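Residue numbers (UniProt numbering): 1 to 199.
Structure representation (structure tokens):
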């Protein structure tokens, strides 16, 4: 299993769900190479979303990669995927060998500390009742925070470059998470979030 193969692996208690954090899933050289690949070879977008009746660009860039026929719907938008690059397909294959099935990948590019993502859950109906989501972080380390929807539970983790975070069980149903903006000068970060979208 993944937890026995990597030093520093942590189980995160997010009842009634759980998460697994592997800080060193990718070697530093692999993470740096993959960061450069994503920046150069993906088609990036910064779509507009409606917030309190006004249109605003999302505070980050993103790209959607996936199998043919997969559609990603969120905030009133509908996106069709770019094809898998060789490097991203290899990364998905590593997760498949560990026992996970994913048919899509949302890639977020946080250019500096002014980019972030507010409180939300990866709970679109296409993801199913208790989805497994795998997040691989590249570049600048950032803090990911969790809070219970109904309760006082809070938890924060640092996602370093090359780390893998797996959330499963009922995490998305009972917890929200965010990547807060920062006033500190931060370098760019890319997150690769693998999901299985039901068609």
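Each residue gets a CB set at the ideal place from its N, CA and C atoms; glycine is no exception. These numbers come from a predicted model, not from an experiment.
Item: Contact between the stretch 99-112 and the stretch 182-193 (3+ Cβ pairs under 8 Å); Value: yes
Item: contact_flag[the stretch 163-179, the stretch 139-150] where n(CB pairs < 8 Å) is 3 or more; Value: yes
Item: One or two residues paired with residue 144 in a DSSP bridge; Value: 157
Item: Burial state of residue 1, where buried means 16 or more other Cβ atoms lie within 10 Å; Value: Residue placement at residue 1 is flagged as unreliable, the pLDDT there being 49, under the threshold of 50; a coordinate-derived value is accordingly withheld.
Item: The stretch 120-132 / the stretch 163-175 touching (three or more Cβ pairs under 8 Å); Value: yes
Item: Burial state of residue 160, where buried means 16 or more other Cβ atoms lie within 10 Å; Value: buried
Item: Per-residue burial, residue 199 [other beta carbons within 10 Å of its own, 16 or more giving buried]; Value: exposed
Item: Presumed contact (8 Å Cβ cut-off) between residue 75 and residue 37, rounded CB distance; Value: Contact doesn't hold; Cβ gap of about 27 Å is too wide.
Item: Whole-angstrom distance between residue 158 and residue 184, CA atom to CA atom; Value: 15 Å
Item: Spatial distance of residue 72 from residue 197 (CA atoms); Value: 8 Å
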